[in-house]
Structure formats: structure tokens, C-alpha cells
């Protein structure tokens, strides 16, 4: 693996060079939080961010996406047009989230809309300089190493250690003043990233395997009623999750009753209508109780997808914990409680 | 030959008629709608009235005087479809704020308080008096949603999709900083979505003007409004009365 050093001044020039080629999406401030957004100036880039409201998945699958426009029953056209883009400043655990999304959307019937956007995106990761208050990425999903990105930046004194991760990443070297990196700098970067994992403010106490089996065994337990007592079924924990991938498809008709658009938007298994299905002219909800829906999210992340992936579908970003106004979504609290029983 | 236009009429009960005003603010979409519908009664925009059969009746305002029942029943009898639009018609709306009080009359109306037309009972949704086929919530109702629902109705679609999830979903999808993260309070967790969550995006708490979702967690709401939102206990308990008085457990 090629390593380089990029000074602070050279980073600014590099970002400018990237912006001259096409959209560069990075963490920018929004009030007290951060979001991934197209940079308007290199100074907007905030690599010292803690986390973003939504995960970077939105760059491959916008929260609402028009799929097909139709003029008549026989005349329709797809409206997904992926463009080259650079996604800059993705934390290691969010890179794992993207890697999982890549697998989910490629499995079974491949989601060509997601995959087309993904293929056109160059990903440059960066280390966690500041922890989100609910981050626990140091104690979950350790089985998976970050992969699928093209370059990775780690903050050192006066600049960044640059790891080149792919051929696309290799080509980026021509755009900036990258200097050779010393062995010491590479070792320092490794220590910085290891310390970020170690210093997470929150922590799961048990291994993924033991969590998976205990949570699986708790399916019929009363603990789900207890944990979900204050749940609003608002779906916030789903929407902010980097590994949730469900969506809803709707057709909207124009006033002429002939033309319209088919679009999809991010959905959430915590909300009641998610599990409502049409049954013989009426409707039926197969997860009617909020405790069942609350349980389902944990079953998905810790058990069912763990069975499929060989590790939990949780990267420890802590977004769900922060998004839950009732403060009951926090996986470290819920899982640690289940494990202690 | 073009399809005959659908005959539509607007009727108002206890309300500010703001939703009708909102309708006349439509501009282009409303003009387009007129290619498909023929208004036969619309007090806010025309002087004609009708006693004929109506295809779609739009009813605004809450049902708050027993005397209005007969008029509602008459509308129902001669209409194929009844659409309650605006939160007053859908849930009783802001009018239902009076439902837990019996001492407001003199304070509000002064010496006129005994005049017969001011004699009203509980503010209830239109559906408390007659069968309602479709509801378009909101205070005021959302123009885009109105057009969407009506365009489906005039083209014969019977199933109209309207989200039943809470406003939090819409805030998250547009990456609005949560009011609670801004040190504020909000009713978004229990408020029916479909508006696109414009208020929190402008830094204003959601007041649930489209009413509650089905099965709102009222106990958790009172707790969160008090503990995280910083509202005094009593205020936290009663906060959601503004637009959802009739949907609360204590209605």
C-alpha cells in the first residue's frame, strides 16, 4: 500500500483541484451538527466533525429519489443519472457501513440505481478527530476492516498521512502536492486510529457472537416491552442508520391522470405502516405492537444480518442513540442490559 | 370527447376559512384542476349556490353546533364523495381547545356571550356527524396534498396514499437539526407527517397541526417534553391539545 504525506496547505490545494473536476461532498457544519454536502469552498470542509446527521449512503441513494417518469402507459423513461463525485472525509466506521450497503444492494436483485451512483463515486476516508458523544465503533463490528474506499487521510501534526487504497486513489495523487511519508509517520497514523477506537465514549461489553446468541434467545422475553416503553415508533433510529436499507416506492399522478413519476424514499421498520400489508381487501399489520417493531431492529442488526454477514450490521456510529428523543434506541444500553440479564 | 368535469362544492363550518383562502392561493395548479372539476358552490370565491347532486363535497371546519348536523347530513345525502379538509374538519382542530373548559364564553365574547348563534357544544370532527370518505389534514391544509388527493379522486382512484408516520421521519430525511438538539421542544414524534416538515427546518417546533399519528405514545411525549424539552410538567402534559385535543387519551 502506497503512503504519502499531505501538508495542511497542500490539502486545501488538493481539495480545490478535486472541486475543479466535479462535485466534492464532505462534512460541513449545519447549526450544532454536521451534514455531508457539496463543498462550495475548500474552507467549508470540516474534517474535525464528530458525525453527520445522515450517513453517507445518501450520496448513492438520496432520501427521496425519482426513478421513472411516465407520460402515458407506454411512454416512460428512467430518471436516475449518476455523475462522477468525490466523497471526502468518511470515518472508518462509516466506510464499513458503505461496504455493507454495497453488499445489501448488490444481493438478490441488484439495485442498479444504487450501484450506478456507487460506481461513479470516489471515496476518501478520514480518521475520527473528535468522537460523537454516543460513538462505540471501538467495540462493535471489529470483524470487518474498512474497505472499498480509494484513499484514507489521518490527521498528524501539520498535515495528513495519506493511504492509497485503489487504482482510483492512485490516480488522485497527480492532483496534489503529495510528499513521501516516513515509516514513523505511518506508525503514528496507525496509533492515532487505534486510539480513536479505544477512546470511544460508549462501549458494548460483549463479543458479537455472544450478543447474537443472547439476543436471539431473548425473542420471547418481556424485556422488549420494558425497553420500548417510551418508544415513539418515529423511525428516526432507522433513517439515520448507515446499515438500514429499506425503502418505500410510490407513484404520483399528475392532474392529467396519465403522466406522473415513480419515486422511492427511505423507509423505517419502526413505523407502523411499514409492516402494514394488504390482505384480501383489507389490511393487516404483521408487527402491530411497538415492542415488536423495536425488537425487530435489534434482531436485524444483531442476529439476522449477523447470520448473513458474519458480523453485526452495526458499525457503532451512535447516530441512532443521538436521534432518539426518548433515549431508548442506544444499542450499548439496550444490548448491555440484555446481556446482563 | 373530453370527460365531463366532476362537480365539486366547498362548504364551511366552524373555522377561520383559512383553508379556502389557501385554495385560492393555489395559482397554476388550481387553474389546471379546473380543467377536471367544475366548482358549483364555493363561498370564498363565487356567489352561486347549488341544490343539485355533487360528485365531491369538500367540507371545512369542525362540527360544534348540534344545529349543523342537519346541514351536514344534507351535504352527505347529495354528495358521492365527502372530503374533510383542514384540521378543524379532520379532528376538530384548534377549536377543540375549548373542549376541556366550560368557563371561556364570557371571557371571549363579553356581553354578547348569551347570543344564540354563539351557543356551541364540543368541537368535533366532521366524521362525528357524517361518514367522511377522505381526509386532508393540516392547519392550513397542504396545497400540494390537496391537489394530489383530488387528482386521484377525479380520475377514479379509490386508494389515496397519505403517510401515517410521524414528522421525525421527514425531518431526518431532509437532515434538519432536531429541535431537541437545539435545546428546544417539539411534537414531531407524535405528529402525522405529510407536510414535509417545514417548521423545524425553519427553527420552529412542530405543533402537530396535522394531528396525531395512530397510537401516539402520549406518556412518553409528556416525559420527553418535560425532561428534555424543559417544559413545566403541566404544560408538557397538555401541550398537544393545540391541534390534537380530540385525539388525546383524555378527550
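Residue numbers (the working numbering), protein chains in the order written: chain A, 17 to 357; chain B, 892 to 1142.
The C-beta atom is built at its ideal place from N, Cα and C for all residues, glycine as well.
No experiment lies behind these values; they were computed from the predicted model shown.
| Check | Outcome |
| --- | --- |
| Close beta carbons around residue 969 (chain B), own chain, < 7 angstroms, minus the five adjacent residues each side | 944, 945 |
| Chain A residues whose Cβ lies nearer than 9 angstroms to that of residue 927 (chain B) | 271, 272, 273 |
| Best match in A:36, A:78, A:33 for proximity to residue 53 (chain A) [C-alpha to C-alpha] | A:78 |
| Simplified DSSP state of residue 930 (chain B), which is helix, strand or coil | strand |
| Contact belief for residue 897 (chain B) with residue 922 (chain B) at Cβ below 8 angstroms, rounded distance in angstroms | No, residue 897 (chain B) and residue 922 (chain B) are not in contact; Cβ-Cβ is about 16 angstroms, not under 8 angstroms. |
| Beta carbon proximity, residue 1057 (chain B) to chain E, threshold 9 angstroms | Among the protein chains of the structure shown, namely A and B, there is no chain E. |
| Rounded separation between residue 145 (chain A) and residue 169 (chain A) - CA only | 11 angstroms |
| Partner residues on chain A for residue 1071 (chain B), Cβ-Cβ distance less than 8 angstroms | 341 |
| Whole-number beta carbon distance between residue 331 (chain A) and residue 118 (chain A), since they are thought to touch under 8 angstroms | Not a contact, Cβ separation roughly 13 angstroms. |
| Three-way DSSP call (helix, strand, coil) for residue 117 (chain A) in this model | helix |
| When A:280, A:303, A:279 are compared against residue 288 (chain A), the one with the closest alpha-carbon | A:303 |
| Cα-Cα separation between residue 114 (chain A) and residue 1142 (chain B), rounded to whole angstroms | 47 angstroms |
| Closer than 9 angstroms to chain B by CB, residue 338 (chain A) | yes |
| Cβ-Cβ distance between residue 43 (chain A) and residue 68 (chain A) below 9 angstroms | yes |
| DSSP three-state assignment for residue 270 (chain A), whether helix, strand or coil | coil |
| Span of the alpha helix (DSSP H) around residue 1133 (chain B) | 1132 to 1135 |
| Sub-9 angstroms separation of residue 949 (chain B) and residue 899 (chain B) beta-carbons | yes |
| Interface flag, residue 48 (chain A) vs chain B, CB-CB below 9 angstroms | yes |
| Member of A:251, A:264, A:237 whose CA lies at the smallest distance from the CA of residue 353 (chain A) | A:237 |
| C-beta neighbour in chain B for residue 29 (chain A), strict 9 angstroms | no |
| 8 angstroms contact criterion, which residue 960 (chain B) and residue 1020 (chain B) should meet: CB distance rounded | 5 angstroms |
| Outcome for residue 313 (chain A) when other beta-carbon atoms lying within 10 angstroms are tallied against a minimum of 16 | buried |
| Span separating the alpha-carbon of residue 128 (chain A) from that of residue 255 (chain A) | 21 angstroms |
| Alpha-carbon to alpha-carbon, residue 993 (chain B) and residue 999 (chain B) | 12 angstroms |
| Residues that residue 1038 (chain B) contacts on chain A, provided the C-beta gap is smaller than 8 angstroms | 271 |
| Contact set between residue 268 (chain A) and chain B, taken where Cβ atoms lie within less than 7 angstroms | 1039 |
| Proximity winner among A:272, A:102, A:265, A:73, relative to residue 1144 (chain B) (alpha-carbon distances) | Here chain B covers residues 892 to 1142 and nothing more, so residue 1144 (chain B) does not appear. |
| Residue 1130 (chain B) versus residue 907 (chain B): straight-line alpha-carbon distance, rounded | 22 angstroms |
| Other residues of its chain near residue 971 (chain B): CB distance less than 6 angstroms, five sequence neighbours each side excluded | 946 |
| Closest residue to residue 1009 (chain B) among B:919, B:956, B:1105 (Cα-Cα distance) | B:956 |
| Residues bridged to residue 218 (chain A) (per DSSP) | Answer is none; residue 218 (chain A) lacks a bridge partner. |
| Unbroken beta strand (DSSP E) run spanning residue 172 (chain A), endpoints | 167 to 172 |
| Short CB-CB distance (under 9 angstroms) between residue 252 (chain A) and chain B | yes |
| Cβ of residue 1048 (chain B) within 9 angstroms of any chain A Cβ | yes |
| When A:262, A:22, A:297 are compared against residue 280 (chain A), the one with the closest alpha-carbon | A:262 |
| Spatial neighbours of residue 104 (chain A) in its chain, beta-carbon cut-off 6 angstroms, leaving aside the 5 residues before and after | 40, 42, 140 |
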